[in-house]
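No gaps in the numbering here: position 42 of the sequence shown is 43 in our numbering, and each next residue is one more.
Here a beta-carbon is modelled for each residue, glycine too, at the ideal position from N, C-alpha and C.
I have placed the structure first, in the form of structure tokens, so that the comments after it can refer back to it.
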Amino acid sequence: MHESTDFQQFQNTVNKYLIRHRSIIDITSKLQETNAKVNRALAKAITQCGCTSIKASKQRYCEVKSLDSAHTCLKTHLEGELCPDCKEILASEIGHNLFYLAALCQVTGLSLEQIINEENNRLQTLGYFSMT
Ligand SMILES: [Zn+2]
């Protein structure tokens, strides 16, 4: 089990090792590329490995007593579970994506941790009214 890392520590580590792609042009294009690789990893789990599949149709909204239970009748359209190999690949690609997200924060003077905390507070304060 790995030690937990806070986001500021992660951003500091990214800053330390962000050497080759330190230009904002490289960072934004790598952020986009790594995002595509996240999607590609999921696509490969479906079309090449086959451990999971997509079965999509129009969402059917059911009557619920509260919005807290609305998720019980809404589908993700994802069937099956990722196998350990696909899960590892997807997690790795998400990690690379987070690297460049933290890098973008670093070079623009933003704090990834502060952004996450503020977004979390906004969600908790506004609840369902914050949904876009
Ligand atoms: Zn798989």
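- Per DSSP, the beta-bridge partners of Glu80 are Ser54.
- When secondary structure is reduced to three states using DSSP, Ile20 falls in the coil class, being assigned neither helix nor strand.
- In this structure Gln49 is exposed. Its beta-carbon is surrounded by fewer than 16 other beta-carbon atoms within 10 angstroms.
- The way I'd put it, the stretch 85-103 doesn't touch the stretch 54-66; fewer than three beta-carbon pairs between them come closer than 8 Å.
- Spanning the alpha carbons of Leu68 and Tyr129 requires a straight line of approximately 8 Å.
- With 5 Å as the limit, the residues whose C-beta approaches a heavy atom of ligand 1 more closely than that are Ala46, Cys50, Cys52, Cys84, Cys87, in chain order.
- Exclusion of the five residues before and after Leu75 leaves Gln60 as the residues of its chain whose Cβ lies within less than 7 Å of its Cβ.
- Cβ neighbours of Ile28 within its own chain (closer than 7 Å, five residues either side excluded): His22, Tyr101, Ala104, Leu105, Val108.
- Pairing His78 with Ile95 gives a Cβ-Cβ distance that is not under 9 Å.
- With contacts defined as CB atoms closer than 9 Å, Cys87 and Lys45 qualify as a contacting pair.
- Annotation: His72 to Ile20 spans about 43 Å, alpha carbon to alpha carbon.
- No Cβ-Cβ contact shorter than 9 Å links Ser112 with Phe11.
- Residue environment analysis places Ile25 among the exposed positions, since fewer than 16 neighbouring C-beta atoms fall within 10 angstroms of its C-beta.
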